[in-house]
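A.B. asks:
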Amino acid sequence: VGCYWGDDSAAKLWTASLQRIANPPESSGGLVYLLKLRRYPALLLLYSAGLAAVAAGNYANLAAVLTKPKAPDEYRKNAAICSVVYPFAVMDKNIGHLLPGLDRHHTPVSDHLFDKLREPLREFLPRDDDYQEVFDRFEYLLGLVHADLNRLPVENGWWGPVGCFAWRGRHFCQEGRTSQIIDAEIEAEGAGGPLLKAGLFDSSLEQLKTAKAKFDGFLDAIRFF
Numbered sequence: 370v371g372c373y374w375g376d377d378s379a380a381k382l383w384t385a386s387l388q389r390i391a392n393p394p395e396s397s398g399g400l401v402y403l404l405k406l407r408r409y410p411a412l413l414l415l416y417s418a419g420l421a422a423v424a425a426g427n428y429a430n431l432a433a434v435l436t437k438p439k440a441p442d443e444y445r446k447n448a449a450i451c452s453v454v455y456p457f458a459v460m461d462k463n464i465g466h467l468l469p470g471l472d473r474h475h476t477p478v479s480d481h482l483f484d485k486l487r488e489p490l491r492e493f494l495p496r497d498d499d500y501q502e503v504f505d506r507f508e509y510l511l512g513l514v515h516a517d518l519n520r521l522p523v524e525n526g527w528w529g530p531v532g533c534f535a536w537r538g539r540h541f542c543q544e545g546r547t548s549q550i551i552d553a554e555i556e557a558e559g560a561g562g563p564l565l566k567a568g569l570f571d572s573s574l575e576q577l578k579t580a581k582a583k584f585d586g587f588l589d590a591i592r593f594f
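Going by the numbering used here, the first residue of the sequence shown is number 370, and it counts up by one from there.
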């Protein structure tokens, strides 16, 4: 509710809350997959906040929740939350396959979140088609911002977390894929687009286009089938 309706003045509340949840007390040890699961509450909150912001077209709140909260990465260095809290970082694919009914899914954790957050978001997105569109857009932007911030080179571009938008897009024509829809918006809006106005990609149209080309290159090389 806050990320859907709230303005810039309240963004500190959402970011402070996310940062607190994403930084559980240090542990002296344990099974790696269980230690990763300690960030599941933060993942759930990040997705719910991001989905609400995208549903409202509130990209200032989206930028805030993706980049302002900090949490330590594997090197114990503080990083933007979208760099360390995403489905595969919280629950490996093989662990996600243990979730009920998701043993054969390409992106089990993403699919779990899609189902888990449907009812809480119904107030803002009554139509299932609209919910799916917003979910895919949020996950794509999460991956895109991650790719821009970290610039992890892979053979075809920059790596970023992949959600169900990636395989779902294979069933659409080019014009119906989330990536192509955002391409059209970037061309139409230029430097005045909401992503840049919100401060993402250093408010640089050139940087946004570069990051998008690199992330899309990585996505196009993924083989699900």
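Where a beta carbon is used, it is the ideal one built from N, C-alpha and C, also for glycine. Values in this document were obtained by computation on a predicted structure and should not be read as measured data.
P438 and T384: beta carbons closer than 7 Å?
C.D. replies: By 1-based counting over the sequence shown, the position of residue 438 is 69. By 1-based counting over the sequence shown, the position of residue 384 is 15. Yes.
A.B. asks: Tell me the residue span of the alpha helix (DSSP H) that contains N427.
C.D. replies: Stepping through the sequence shown from its first residue, residue 427 is reached at position 58. First-last for N427: undefined, no H or E at that position.
A.B. asks: Using 7 Å as the threshold, is the C-beta distance between A391 and I450 below it?
C.D. replies: Reading the sequence shown from its first residue, position 22 is the one you call residue 391. Reading the sequence shown from its first residue, position 81 is the one you call residue 450. Yes. Within cutoff.
A.B. asks: For P527, name the three-state secondary structure that DSSP assigns.
C.D. replies: Counting from one through the sequence shown, the residue named residue 527 turns up at place 158. A small fix is needed here, since residue 527 is Trp in this sequence, not Pro. DSSP places W527 in strand when its eight states are reduced to three.
A.B. asks: From this set, V434, L406, L382 and R408, which residue's C-alpha is nearest A418's C-alpha?
C.D. replies: In the sequence shown, counting from the first residue as 1, residue 418 sits at position 49. Nearest of V434, L406, L382 and R408 to A418, Cα basis: V434.
A.B. asks: Please check the pair Y509 and F493, which I expect to be a contact at CB under 8 Å, by giving their CB distance rounded to whole angstroms.
C.D. replies: What you label residue 509 is simply residue 140 of the sequence shown in a count that begins at 1. What you label residue 493 is simply residue 124 of the sequence shown in a count that begins at 1. No, Y509 and F493 are not in contact; Cβ-Cβ is about 19 Å, not under 8 Å.
A.B. asks: Could you check what DSSP says for A582 in three-state terms: helix, strand or coil?
C.D. replies: As a working note, residue 582 is residue 213 in the sequence shown. Helix, per DSSP.
A.B. asks: Spatial neighbours of D552 within its chain, please: C-beta separation below 8 Å, excluding the five flanking residues on both sides.
C.D. replies: Here residue 552 refers to the residue found at position 183 when the sequence shown is read from its first residue. Excluding positions up to five away in sequence, the list reads K581.
A.B. asks: Compare the beta carbon distance of L472 and H466 with 7 Å and say whether it is the shorter of the two.
C.D. replies: Position 103 of the sequence shown, counting from 1, holds the residue named residue 472. Position 97 of the sequence shown, counting from 1, holds the residue named residue 466. Note that residue 472 is Asp in the sequence shown here, rather than Leu. Yes, the Cβ-Cβ distance between D472 and H466 is below 7 Å.
A.B. asks: Taking just the CA atoms, how far does S572 sit from G399?
C.D. replies: Within the sequence shown, residue 399 is the residue found at index 30, counting from 1. Within the sequence shown, residue 572 is the residue found at index 203, counting from 1. Going from the Cα of G399 to the Cα of S572 covers about 41 Å.
A.B. asks: For P456, count the other beta carbons within 10 Å of its own beta carbon; 16 or more makes it buried, fewer makes it exposed. Which is it?
C.D. replies: Looking up residue 456 in the sequence shown gives position 87. So P456 counts as buried.
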